[in-house]
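In order, the protein sequence lines correspond to chains A and B.
Its first residue numbered 0, the first sequence is counted upward by one per residue in numbering that gives the first Met the number 0.
Its first residue numbered 0, the second sequence is counted upward by one per residue in numbering that gives the first Met the number 0.
Using N, Cα and C, we set each Cβ at its ideal position, and we do this for glycine too.
Here's the structure we're looking at; comments come further down.
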Amino acid sequence: MISLTINGQKILTEHNKTILEAAEAAGISVPTFCNDKRLIPHGACRICLVEVEGVKNLPASCTTPVAEGMVIRTHSERVVQARREILSLLLSNHPLDCLTCEKSGKCKLQDYCYEYDVKEDIYGGEKYNFPIDASNPFYQYDPNKCIVCEKCVRVCNELQCTGAIGLNERGFLTHMGTPFEMGMKHTNCVSCGNCVSACPVGALLPKNKEKYRLWQVATVKTTCAYCGVGCQLELHVKEDRVVAIQPGEGSPNDGLLCVKGKFGYSFIHHNDRLKTPLVRKNGELREASWKEAYELIVEKMQQTKATYGADAFAGLTSARCTNEENYLFQKLFRAVIGTNNVDHCARL
Amino acid sequence: MTNSIREIEAADVIFVIGSNTTENHPVIGAKIRQAKLKGAKLIVADPRRIDLAKDADYFLQIKPGTNIALLNGLMHCIIDEGLQDHEYIRTKTENFKALREQLKEYTPEKVAEICGVEPEDIRQAARIYAKGERAGIFYAMGITQHTTGTKGVMAISNLALLCGNVGKTSAGVNPLRGQNNVQGACDMGGLPGDLPGYQKLHSAEVIEKFERAWNVRLSAKPGLTIPEMLDKAEAGLIKFMYIMGENPMVSDPDIQHVQKALEKLDFLIVQDIFLSETAALADVVLPAVSFAEKDGTFTNTERRVQLVRRAIQPIGQAKADWKILMELMNLMGYPNTYHHPEEIMNEISSLTPQYGGISHDRLSLEGIQWPCPTKEHPGTPYLHKDGIARGLGLFVPVEYEASAELPDGDYPLVLTTGRILYHYHTRTMTGRVEGLNQISNEAYVEINPITAEKFGMRNQESIYVISRRGKVTVKVYTTKTVEENVLFMPFHFAEGAANHLTNRAIDNIAKIPELKVCAVRIEKIDDPFKDEKLSFGDL
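Here is the structure:
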């Protein structure tokens, strides 16, 4: 163990930690753009810089390992001034369109500019003028809003391991892009949207059909209904509609999703959803009340059981339904109808 | 899975066979690639050059239906070079001698001939697997959907036992379950011979336990599996079917047969969220709710029981499936009532040993992996930790047998089927997502460019694919993903459905149909308007 002091607080930590990890473990919040626990520390954005006694410059806390006896200040005047400078530089080349930006309310640049009182572009220098890439059906990329933290690139390379995107150009023009600027649609991108989920600003955004503000949505944690991985999801709900999905953290998916889990939810509110029971009359399925449907089912069940016995029934329960529902389905067949003719699509 | 998804990152060898993981279990696919980045060795065996093949240290492009030959060949090489885990075999397994004896004839040369791969690649792959400290095998329907599916699983189990890979972390035998809750549906007794928790119908004690709990007399007569139900329905012996959340009119082999069977019924109830191809045949359709509209639990492929939470009100008059089932039970004179799925889970845990300690209030953080026998038990990340569950790991020698239907003069090509990344099962959900349809919206058949040229077919041309059971019109997609004379079709699409062609020959033990191998021929469509008429006619 290593002992160090952060903001006057004595802290014990393991030797292989970074200053950022030690600070966070001690409940001290340090701003970050490019940091992500799942990724190799990168030190691209510099916003997490801190003051270390005896060190001339301000090192990035996310890439600096702890050492015995370190005395660290995370919010000294010098640090705060340096962070303001970084934010001013970022803001000087960032569209000030928070009024209409979809990310407003969950944008780290917005949050930190508020926290550090950075209001406007004070430099008035050159600005990005890149075309927006909307070629992917599910998300769009606005390079003009990119702060070059490289989180998306690293998520794509280190976690999703698809490697569809990288950094193009050098110097001021450095931006996340596709090989030869061919556009997302023409890369090997699998539309998992894991870059979109990780973007701290409004550069990568889902193509939402519905307008909502992030502070208007309720978040409900649940389990994905597609494959057997069982990814954890956070459904964003506004006025009884699911308007977006974010990956859940922790097992089993650790903040990752696939294209179906991230973007494949619009079936929930699709017009084709069955809204009433249907009963076949004169060869056609017609809308009916629950009472009518139930009465017909009960009558047929009793009739069939009396005439042909319980083994003339067969039921398919569902690998798409919950445990509780599967349990009840087989109970209905075994305990109420009286047959073991219950199976499901486990083999298909 | 014997092991956990999170353990993948610490595996030093990963062997993927019969699973297109990056498309069908994408997040597990990503985790396998992460392990590879950290230095794990990767072996992939599949009839298709799947995306994961490009990450593999050894990729074995085997002929469809030859898994068992390959697995036996790998074991032959391991034993031949003395690379097996001698200590593990001596202390934790039985019947090794019989296995060793039986494997003698599976020389890499002979196996290479059957599988269509190089003998040296089999040797190298065997060495890599055997030398792994923590070697995990990952498989899916590419192993099981064969008439020899059960034997394929046994061969995998033999290989894992041979190298001591059962009962430790980051190793094991890991079937990747297809649907979100197929694990749970099996756990809950959605099987004709098993009550919840795989408690067997043939045990008088089990029957008595459930009779007491449910307060009724139960039948001990084993029920029918899906293929048997459909056969008996077609024969007029099954009169009444209730299908919940399933679409056999697209997902099951030989759709013509499925349709005949369902049309022969006196009464069919389908409960679903959309009017599926199967629901369209029903006498009564009951509107259920989606996962976003109900509470409950799903159990994932690593046995993790996780919460499903209601986020929105039911659409229209739709009701949660559990509510519909309960109301029907009540109307049929069985008075059981539940106010919330939580209460159903409490009943489940009182009757199901593996779920004994599971209740909704314990699941909010990261779920719990069964077995979880008591309220205090933390769950089980990997199985057989304290020795193989049955006592000793049993080697069951299994022989390679050819698939039920092989190519011949009339049907010279092999068709194999599967899923793709952008759709799920029968597309009732994904077919209604605009972006997914933009990427993929029609049936197609993958054909090797050499085979396509042999038949005079161009990329994107509509053709007929014909088997002994049916004929469909689909577009050609020429690709080297498949070898010559092997075709692949995704089974998602109701129009041009692959399952019009597939064979319903089943594995005698598990009753799983051989969806991965059947014989077909392909024909050009001469009349340029014919394909349009036909594809509409397919509806």
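C-beta contact flag for residue i and residue j at 9 Å
i	j	result
B/L330	A/V219	no
B/F297	B/V307	yes
B/I136	B/L161	no
B/Y443	B/I521	no
A/Y293	B/L327	yes
A/E323	B/I343	yes
B/S13	A/V228	Looking at the sequence itself, residue 13 of chain B is Ile, so the reference to Ser does not match. Against a cut-off of 9 Å, the Cβ pair of A/V228 and B/I13 comes out as no contact.
B/F239	A/F312	yes
A/M183	A/A163	yes
A/T275	B/P286	yes
A/L331	A/G314	yes
A/T17	A/S75	no
B/V397	B/P63	no
A/L213	A/K118	no
B/D320	A/F328	yes
A/Q8	A/I27	yes
B/E132	B/D56	no
B/G390	B/P372	no
A/P178	A/G170	no
B/A184	B/E346	no
B/Y333	A/V341	no
B/L36	A/E101	no
Burial state of residue i, where buried means 16 or more other Cβ atoms lie within 10 Å
i	result
A/C109	The question names Cys, yet the displayed sequence has Gln at residue 109 of chain A. Buried, since its Cβ has 16 or more Cβ neighbours within 10 Å.
B/R457	exposed
A/V54	exposed
B/H359	buried
B/N440	exposed
A/N325	buried
B/A219	exposed
A/L19	buried
A/D271	exposed
B/H424	buried
A/N56	exposed
B/L261	buried
B/H85	exposed
B/H75	buried
B/Q353	buried
Inter-residue Cα distance where the pair is residue i and residue j
i	j	result
A/C344	B/P25	21 Å
A/C194	A/K36	15 Å
B/I603	B/A44	Outside the shown range of chain B, which is 0 to 538, sits residue 603 of chain B, and nothing can be said about it.
A/E168	A/Y115	30 Å
B/K474	B/P340	45 Å
B/V15	B/T65	15 Å
B/D409	B/A518	9 Å
B/L412	B/K130	38 Å
B/N214	B/Y337	16 Å
B/T480	B/F58	12 Å
B/R47	B/K53	12 Å
B/A388	B/S348	21 Å
B/K613	B/M153	Chain B is shown from 0 up to 538; residue 613 of chain B falls before or after that span and cannot be answered.
B/P252	B/F490	10 Å
A/Y127	A/T222	40 Å
B/F394	B/K103	15 Å
A/L95	A/I131	16 Å
B/E452	A/G247	48 Å
B/T20	B/F454	32 Å
A/H402	A/E67	There is no way to answer for residue 402 of chain A, as the model of chain A reaches only from 0 to 347.
For residue j and residue i, believed in contact at Cβ under 8 Å, the rounded distance
i	j	result
B/N179	A/Y225	6 Å
B/E276	B/A493	5 Å
Under 8 Å by beta carbon: chain C residues contacting residue i
i	result
B/Q305	The displayed structure is made up of protein chains A and B, and chain C is not among them.
Are at least three pairs of beta-carbons, each pair with one atom in the segment 146-153 of chain A and one in the segment 29-44 of chain A, less than 8 Å apart?
Counting Cβ pairs under 8 Å, three or more are found: they touch.
Three or more C-beta pairs closer than 8 Å, one from the segment 238-250 of chain A and one from the segment 208-223 of chain A: is that the case here?
yes
With a cut-off of 8 Å, do at least 3 Cβ pairs link the segment 380-398 of chain B to the segment 163-177 of chain B?
yes
Is it the case that the segment 402-412 of chain B contacts the segment 276-293 of chain A, given that we only count it when at least three CB pairs across the two stretches are under 8 Å?
no
Three CB pairs or more closer than 8 Å across the segment 418-435 of chain B and the segment 253-260 of chain A:
Because the criterion of three Cβ pairs below 8 Å is met, the segment 418-435 of chain B and the segment 253-260 of chain A touch.
Evaluate contact between the segment 500-507 of chain B and the segment 136-154 of chain B, counting only Cβ atoms and requiring at least three cross-stretch pairs below 8 Å.
yes
Do the segment 169-188 of chain A and the segment 73-81 of chain A meet, that is, are 3 or more Cβ pairs less than 8 Å apart?
no
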